[in-house]
Amino acid sequence: MTTLSIDHVSRWFGNVVAVNDITMTIGPGVTGLLGPNGAGKSTLINMMGGFLAPSTGTVTLDGQPVWRNEAIYRRIGIVPEREAMYDFLTGREFVVANAELHGLGASAAQKALATVEMEYAQDRRISTYSKGMRQRVKMASALVHEPSLLLLDEPFNGMDPRQRMQLMDLLRKMGDEGRTVLFSSHILEEVEQLARHIEVVVAGRHAASGDFRRIRRLMTDRPHRYLVRSSDDRALAAALIADPSTSGIEVDHSEGALRIQAVDFGRFTALLPKVARDHGIRLLTVSPSDESLESVFSYLVAA
Amino acid sequence: MYDPTVARLTYRALLGRRRALILGALPLLLIVLAVAVRALTGADDQTAADVLGGFAIATMVPIIGVIAGTGAIGPEIDDGSVVYLLSKPLKRPTIIFTKLIVAIAVTMVFSALPTLIAGLILNGNGQQIAVAYTVAALVSSIAYSALFLLLGTVSRHAVVFGLVYALVWEALFGSLVPGARTLSVQQWSLAVAHKVAGGDLVTSTVGLPTATVLLVAVTVLATWYAGQKLRALKLAGEE
Numbered sequence: 001m002t003t004l005s006i007d008h009v010s011r012w013f014g015n016v017v018a019v020n021d022i023t024m025t026i027g028p029g030v031t032g033l034l035g036p037n038g039a040g041k042s043t044l045i046n047m048m049g050g051f052l053a054p055s056t057g058t059v060t061l062d063g064q065p066v067w068r069n070e071a072i073y074r075r076i077g078i079v080p081e082r083e084a085m086y087d088f089l090t091g092r093e094f095v096v097a098n099a100e101l102h103g104l105g106a107s108a109a110q111k112a113l114a115t116v117e118m119e120y121a122q123d124r125r126i127s128t129y130s131k132g133m134r135q136r137v138k139m140a141s142a143l144v145h146e147p148s149l150l151l152l153d154e155p156f157n158g159m160d161p162r163q164r165m166q167l168m169d170l171l172r173k174m175g176d177e178g179r180t181v182l183f184s185s186h187i188l189e190e191v192e193q194l195a196r197h198i199e200v201v202v203a204g205r206h207a208a209s210g211d212f213r214r215i216r217r218l219m220t221d222r223p224h225r226y227l228v229r230s231s232d233d234r235a236l237a238a239a240l241i242a243d244p245s246t247s248g249i250e251v252d253h254s255e256g257a258l259r260i261q262a263v264d265f266g267r268f269t270a271l272l273p274k275v276a277r278d279h280g281i282r283l284l285t286v287s288p289s290d291e292s293l294e295s296v297f298s299y300l301v302a303a
Numbered sequence: 001m002y003d004p005t006v007a008r009l010t011y012r013a014l015l016g017r018r019r020a021l022i023l024g025a026l027p028l029l030l031i032v033l034a035v036a037v038r039a040l041t042g043a044d045d046q047t048a049a050d051v052l053g054g055f056a057i058a059t060m061v062p063i064i065g066v067i068a069g070t071g072a073i074g075p076e077i078d079d080g081s082v083v084y085l086l087s088k089p090l091k092r093p094t095i096i097f098t099k100l101i102v103a104i105a106v107t108m109v110f111s112a113l114p115t116l117i118a119g120l121i122l123n124g125n126g127q128q129i130a131v132a133y134t135v136a137a138l139v140s141s142i143a144y145s146a147l148f149l150l151l152g153t154v155s156r157h158a159v160v161f162g163l164v165y166a167l168v169w170e171a172l173f174g175s176l177v178p179g180a181r182t183l184s185v186q187q188w189s190l191a192v193a194h195k196v197a198g199g200d201l202v203t204s205t206v207g208l209p210t211a212t213v214l215l216v217a218v219t220v221l222a223t224w225y226a227g228q229k230l231r232a233l234k235l236a237g238e239e
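Protein chains in written order, with full-length UniProt numbering: chain A, 1 to 303; chain B, 1 to 239.
See the structure below:
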């Protein structure tokens with residue numbers, strides 16, 4: 001059982017604070033590190049992998065420091081986000097080299113290639129691989145020594161749905177085997193499908209931690225904002241505000257629309273078309289104005 | 001201290017098609033030059049010394065040292081693929097030492113060997129000139145490789161800095177400013193060559209004891225420091 005502990009870790013680059021006083025513990029099973037682009041996920045993963053020293057705080061694996069400790073890599077497998085990976089080698093040569101660097105032989109490499117189902121293309125040069133194939137070979141190179149901690153930085157980027165599903169199955173299996181698997185992503189649905197436990201990072205800060213469903217509820221329970229255009233905005237506003245599912249309505253003259261804040265998502269979405277029909281009002285536009293992930297995250301930070 | 005897998009990866013990266021062409025161009029030019037000079041002027045000791053000293057040792061060896069030394073590690077650090085070496089239970093100085101051995105071997109093959117062949121073409125090793133300059137090329141290959149490997153580890157602009165050192169410092173300042181000659185790998189290697197050849201055809205501004213101490217010191221210190229820098233190498237993320 002491997003536990004990765006991040007204890008009051010901050011990291012700044014010049015005047016920019018990339019990671020701000022984060023404390024978290026990553027245990028066995030699959031954990032998703034969720035956050036919008038530029039939130040500090042890669043910086044955090046680089047510190048977890050021992051490629052970046054924290055400005056303050058410590059990162060330890062079962063009590064051992066990760067930074068400047070080469071021996072720790074016997075237990076860590078890393079799938080970096082960056083593409084570069086000795087493109088002049090074939091997939092097999094690349095994974096064999098990774099096995100040898102761990103003091104292992106070609107059979108370990110072959111087993112890892114079989115695990116990621118890349119045997120069929122193992123003798124092709126990496127430069128000819130698709131993004132998904134590269135990702136799988138990177139994965140094989142990280143699995144070759146059967147690490148107890150697997151760190152993956154945006155592993156699903158650029159993968160097609162089938163490849164994505166395969167990799168998810170593989171990671172799920174690793175988690176079920178008792179390995180500690182941490183992957184980062186900026187896509188909510190990706191994390192939802194794979195990880196029960198998530199850590200949310202926004203603007204370098206630790207925004208939420210715990211069971212996905214609990215956090216998802218936090219996200220869906222927040223007030224929802226809609227932009228609505230209709231044949232009679234004021235009549236619609238008057239009818240909607242009478243219902244407790246709305247908490248505020250603003251007539252936006254410049255947009256020629258209503259800005260509605262709903263507190264009960266389910267009830268409001270059923271109410272709106274009903275009210276419009278009852279009052280003979282035509283709905284021209286109904287669009288959620290804060291559904292982007294960033295606004296979900298900023299809501300979480302404020303929560 | 002030496003890891004065969006790191007060495008294999010480094011050789012394959014260094015001798016990839018494009019880089020091998022660049023590495024092969026200058027030696028080829030030297031040999032063509034030697035053939036042309038021999039055909040035009042016949043075997044002449046002074047001419048042989050001028051060609052080998054002026055082109056092979058002053059220009060070709062440092063440039064090949066820059067390509068092999070910085071190329072042994074710089075591109076991997078630049079594109080981030082070095083992460084596959086760093087994420088292994090492998091001592092960082094072992095990575096540096098292995099890459100140094102590879103850089104030295106490549107520099108020697110692409111500079112000392114052509115120097116010997118050119119020397120033999122020019123005057124058939126009369127007065128030990130071919131052998132003396134070959135020894136200079138071998139000795140300077142070691143120091144250049146260590147120096148430029150360090151440069152490749154610490155700077156993203158290693159090739160530019162390397163070429164500035166090789167061409168501006170060694171070639172230009174070396175001929176204009178007397179003090180610069182003392183701090184020149186080229187002059188140190190020529191001091192060793194002078195010992196081999198004897199006579200006045202191969203000369204150096206530095207004495208042999210000083211040259212030996214400086215060659216060893218630069219090689220050892222540069223390698224040690226590159227190992228330290230790699231231990232503390234930070235791989236910045238995409239953000």
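Virtual Cβ for every residue (Gly too), placed ideally from N, Cα, C.
When DSSP states are grouped into helix, strand and coil, B/VAL220 belongs to the helix group. Annotation for B/LEU52: THR115, ALA118, GLY119, LEU122, ILE129, ALA130, TYR133 place their beta carbon closer than 8 Å to its own, counting only its chain and skipping 5 residues before and after. Separation of the CB atoms of A/THR3 and A/ILE26 is rounded to 7 Å, and the pair is thereby assigned contact status at 8 Å. DSSP, reduced to helix, strand and coil, places A/ALA257 within a strand of the structure shown. In this structure, A/VAL17 lies away from A/LEU194, with their beta-carbon atoms at least 7 Å apart.
For A/SER107, the uninterrupted alpha helix (DSSP H) segment begins and ends at 106 to 115. Spatial neighbours of B/TYR11 in its own chain (CB-CB distance under 7 Å, excluding positions within 5 residues in sequence) are listed in chain order as VAL102. In this structure the stretch 140 to 156 of chain B lies against the stretch 59 to 71 of chain B, because at least three pairs of beta carbons, one per stretch, are closer than 8 Å. Between the alpha carbons of A/ASP62 and A/GLY105 lies a gap of roughly 27 Å.
In the three-state scheme derived from DSSP, where H, G and I count as helix and E and B as strand, A/TRP67 is classed as coil. Judged by their CB atoms, A/ALA97 and B/LEU100 are not nearer to each other than the 7 Å cut-off. Shown here for A/LEU52: same chain residues with a beta carbon closer than 6 Å to its own, the five before and five after excluded, namely ASN46 in chain order.
For B/LYS99, no Cβ of chain A is located within less than 7 Å of the residue's own Cβ. For chain A, the residues of the stretch 9 to 42 of chain B that bring a beta carbon within less than 8 Å of one of its beta carbons are LEU9, ARG12, ALA13, GLY16, in chain order. In this chain, the alpha helix (DSSP H) harbouring B/ALA105 covers 92 to 107. Per DSSP, reduced to three states, the secondary structure at A/MET159 is coil, with no helix or strand assignment. Residues of the stretch 138 to 159 of chain A with a Cβ closer than 7 Å to any Cβ of chain B, in chain order: SER141. A/PRO54 and A/SER10 have their C-alpha atoms some 6 Å from each other. Against chain A, a Cβ distance below 8 Å from B/VAL102 picks out nothing, because the smallest value is about 15 Å. Between A/ARG68 and B/ARG231 the beta-carbon gap is near 6 Å, inside 8 Å, which marks them as a contact. Remark: C-beta atoms of A/HIS186 and A/PRO36 approach each other more closely than 7 Å.
Excluding its 5 nearest sequence neighbours in each direction, A/GLY178 has C-beta neighbours in its own chain below 7 Å: MET1, PRO28, listed in chain order.
Nearest to A/MET24 by alpha-carbon distance, out of A/LEU33, A/GLY32, A/ILE6, A/SER184, is A/ILE6. Each of A/MET48, A/LEU101, A/GLN135 was checked against the Cα of A/ALA84, and the nearest Cα belongs to A/GLN135.
Pairwise C-beta distances place the stretch 214 to 232 of chain B in contact with the stretch 142 to 153 of chain B, as three or more of them are shorter than 8 Å. If only uninterrupted alpha helix (DSSP H) runs of at least 4 residues are considered, those enclosed by the stretch 168 to 219 of chain B are 178 to 182, 185 to 197.
A distance below 7 Å separates the beta carbons of A/GLU190 and A/PHE156. When the beta-carbon positions are compared, A/ILE126 and A/LEU89 come within less than 7 Å of each other. By the C-beta density criterion, A/GLU93 is buried, having at least 16 other C-beta atoms within 10 angstroms. Per DSSP, B/ASP79 lies in no beta strand (DSSP E); the unbroken alpha helix (DSSP H) holding it starts and ends at 74 to 79.
For the options A/PRO223, A/VAL263, A/ALA108, the alpha carbon positioned closest to that of A/GLU146 is the one of A/ALA108.
For a Cβ distance threshold of 8 Å, nothing in chain A lies close to B/TYR133: the least Cβ distance comes to about 34 Å. Counting only residues of its own chain and dropping the five nearest sequence neighbours on each side, A/ALA237 has a CB closer than 6 Å to the CB of ILE249, LEU258. In terms of CA proximity to A/LYS274, A/ASP243 leads the group A/GLY256, A/ASP243, A/LYS41, A/SER247. The DSSP-derived three-state label of A/PHE268 is helix.
At least 7 Å separates the CB of B/THR115 from every CB of chain A.
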